[in-house]
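Everything on this sheet refers to the single structure shown next.
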Amino acid sequence: MHDYFIAIIQGIVEGLTEFLPVSSTGHLILSGALLGFTGEKADTFEIIIQLGAILAVAVIYWRRILGLLGLMKIPSGHEAGKERPKLNLLHIILACIPAMLLGCILHSFIKTYLFSPYTVLAGLVLGGIFMLVGQMRQAPVRAESIDQLSYRQAFTIGLFQCLSLWPGFSRSGATIAGGLLTGASYEAATNFSFLVAIPMMIAASGYELLKSYQTLTAADAGFFITGFLVAFVVALLAVITFLKLLEKLKLAPFAYYRFALAAIFLIYLLAQ
Numbered sequence: 004m005h006d007y008f009i010a011i012i013q014g015i016v017e018g019l020t021e022f023l024p025v026s027s028t029g030h031l032i033l034s035g036a037l038l039g040f041t042g043e044k045a046d047t048f049e050i051i052i053q054l055g056a057i058l059a060v061a062v063i064y065w066r067r068i069l070g071l072l073g074l075m076k077i078p079s080g081h082e083a084g085k086e087r088p089k090l091n092l093l094h095i096i097l098a099c100i101p102a103m104l105l106g107c108i109l110h111s112f113i114k115t116y117l118f119s120p121y122t123v124l125a126g127l128v129l130g131g132i133f134m135l136v137g138q139m140r141q142a143p144v145r146a147e148s149i150d151q152l153s154y155r156q157a158f159t160i161g162l163f164q165c166l167s168l169w170p171g172f173s174r175s176g177a178t179i180a181g182g183l184l185t186g187a188s189y190e191a192a193t194n195f196s197f198l199v200a201i202p203m204m205i206a207a208s209g210y211e212l213l214k215s216y217q218t219l220t221a222a223d224a225g226f227f228i229t230g231f232l233v234a235f236v237v238a239l240l241a242v243i244t245f246l247k248l249l250e251k252l253k254l255a256p257f258a259y260y261r262f263a264l265a266a267i268f269l270i271y272l273l274a275q
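Numbering of the sequence shown is given in the working numbering, commencing with residue 4 and proceeding in unit increments.
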């Protein structure tokens, strides 16, 4: 039963934090440390529950995904002109290339030196600062909707996404704040961030799973399935809620939450 308790807790943590600008990796490292759940099995479990979170976003954006693949026509959000969507696969590819290339180059370094509670706390603080900068220095809006994003904006957002290779920085925080700095609206930056997350997470999770699939056993099937399902359901609810609240909340409350979390865990770690 203890294993299932861990599966539920970590699934909830993953589902709540994967697409919010608070860093799911950072939260999983910190919660794993609190639960004493570390090692190869924990690493593989994190990959499985991330796949659950990915599925949640794919469900929410299934029409847009099929449209990008040329399998469905997506009506434009601009009622007056009824324009066809301009977002295409090249936007997604341009946004993915920088972080994928840099991630491949720095993978060993990141795994060896950056996956610790203290580096995560640094990432939480630095990511929070960047989010505040994105909100306060938002460029004049040139893309109200995701279909108005230019290729240059997509690539620039991809460059900002490289910041999230530091655990604790937050992929969604980096891309949403980066999108604001390029002249995207909150709506456009957030939707693009979530869409780009799908190939990025599939690539990262697939790579890690190929390296650690040996740790998967039939005896742990229930444990992994529980975490996957919990992460899927919670992520589904979290993304829907976040999309509704972001225009009102902006990024600042999430940045302040990150600062508070970092301070609390720093005190906890120093007291050990």
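In this text, a Cβ means the ideal position worked out from N, Cα and C, and glycines have one as well.
Query: My output table needs one value for residue 265: the three-state DSSP class, helix, strand or coil.; Result: helix
Query: Express the C-alpha separation of residue 235 and residue 19 in angstroms, rounding to a whole number.; Result: 10 Å
Query: Could you round the C-beta distance between residue 163 and residue 177 to whole angstroms and report it? I think they count as a contact, below 8 Å.; Result: 5 Å
Query: Does DSSP put residue 224 in a helix, a strand or coil?; Result: helix
Query: As a quick exercise: from 4, 95, 125, pick the residue whose alpha carbon is nearest that of residue 70.; Result: 95
Query: Among 29, 8, 108, 15, which has the Cα closest to the Cα of residue 169?; Result: 29
Query: By a C-beta neighbour count over all protein chains shown, 10 Å radius and 16 as the cutoff for buried, is residue 47 buried or exposed?; Result: buried
Query: DSSP has residue 187 in a bridge; who is on the other side?; Result: 146
Query: How is the alpha helix (DSSP H) around residue 139 delimited, first residue to last?; Result: 120-139
Query: Please report the straight-line C-alpha distance between residue 261 and residue 38, rounded to a whole angstrom.; Result: 20 Å
Query: Taking the alpha-carbon of residue 187 as reference, which of 138, 256, 121, 232 has the nearest alpha-carbon?; Result: 138
Query: Got a sec? Which residues, its chain only, sit under 7 Å from residue 31 by beta carbon, not counting five neighbours each side?; Result: 13, 16, 17, 49
Query: Restricting to Cα atoms, I'd like to know which of 124, 116, 97, 112 is closest to residue 153.; Result: 97
Query: What is the rounded straight-line gap between the Cα of residue 245 and the Cα of residue 120?; Result: 26 Å
Query: By a C-beta neighbour count over all protein chains shown, 10 Å radius and 16 as the cutoff for buried, is residue 102 buried or exposed?; Result: buried
Query: Taking just the CA atoms, how far does residue 151 sit from residue 275?; Result: 51 Å
Query: Can the beta-carbon of residue 158 be found less than 8 Å from the beta-carbon of residue 166?; Result: no
Query: For the candidate residues 116, 93, 184, 155, whose alpha-carbon lies nearest to that of residue 136?; Result: 184
Query: Taking the alpha-carbon positions, what's the residue 133 to residue 127 distance?; Result: 10 Å
Query: Any heavy atom of the ligand PLP inside 7 Å of the beta-carbon of residue 253?; Result: Of ligands this structure carries none, so the ligand PLP is not represented either.
Query: Quick check: the Cα distance between residue 45 and residue 35, rounded to an integer number of angstroms?; Result: 8 Å
Query: Taking 7 Å as the limit between beta carbons, can you name the residues of its chain near residue 91, skipping five residues before and five after?; Result: 71
Query: Taking the CB atoms as reference points, tell me whether residue 233 and residue 10 lie closer together than 8 Å.; Result: yes
Query: Which residues in the same chain have their Cβ closer than 8 Å to the Cβ of residue 199, if we skip the five residues on either side of it in sequence?; Result: 95, 98, 99, 160, 161, 164, 178
Query: Got a sec? Which residues, its chain only, sit under 7 Å from residue 205 by beta carbon, not counting five neighbours each side?; Result: 57
Query: Who are the near neighbours of residue 189 in its chain, counting only those whose CB is closer than 8 Å to its CB and skipping five residues on each side?; Result: 179, 183, 249, 250, 253
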